[in-house]
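Peer 1: There's a structure below that I have some questions on.
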Amino acid sequence: MFSRGKAEYFHGREKEQAFFKNALKKTRSRGVGTSFLVQGSPGVGKTALLEKCK
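Mapping of the sequence shown onto the working numbering: residues 1 to 54, in sequence order.
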């Protein structure tokens, strides 16, 4: 599988990042897991977003 690595420049997606961070806090405090589905057209930045959230 081809890995693109980190995006050289990443901007935007503040709403999505905030949602993920908030969900992560809730998950940790409750001690239960959750799943996320990240979907979109090729090239919209799914991998870059996940790398940023990581």
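Even for Gly, the Cβ is constructed at its ideal location relative to N, Cα and C. In this text the structure is predicted, and so the values were computed from the model without any measurement.
1) For Gln39, does the three-state DSSP call read helix, strand or coil?
2) With a CB to CB cut of under 6 angstroms and the five nearest residues on each side skipped, what residues in its chain are close to Lys52?
3) Going by C-alpha distance, which of Ser29, Ala18, Leu49, Ala23 is nearest Val38?
4) Have a look at Asn22 and Gly12 and give me their C-alpha separation to the nearest angstrom.
5) Specify the secondary structure class of Glu16 as computed by DSSP and reduced to three states.
Peer 2: Based on what the coordinates show:
1) Stepping through the sequence shown from its first residue, residue 39 is reached at position 39. Coil, per DSSP.
2) The residue you call residue 52 lines up with position 52 of the sequence shown. Correct list, in chain order: Phe10.
3) Position 38 of the sequence shown, counted from the start, is the residue given in the question as residue 38. For Val38, the nearest C-alpha among the options comes from Leu49.
4) Along the sequence shown, one-based indexing puts residue 22 at 22. Along the sequence shown, one-based indexing puts residue 12 at 12. Here the C-alpha atom of Asn22 lies approximately 17 angstroms from the C-alpha atom of Gly12.
5) The count along the sequence shown starts at 1 and reaches residue 16 at position 16. Three-state result, Glu16: helix.
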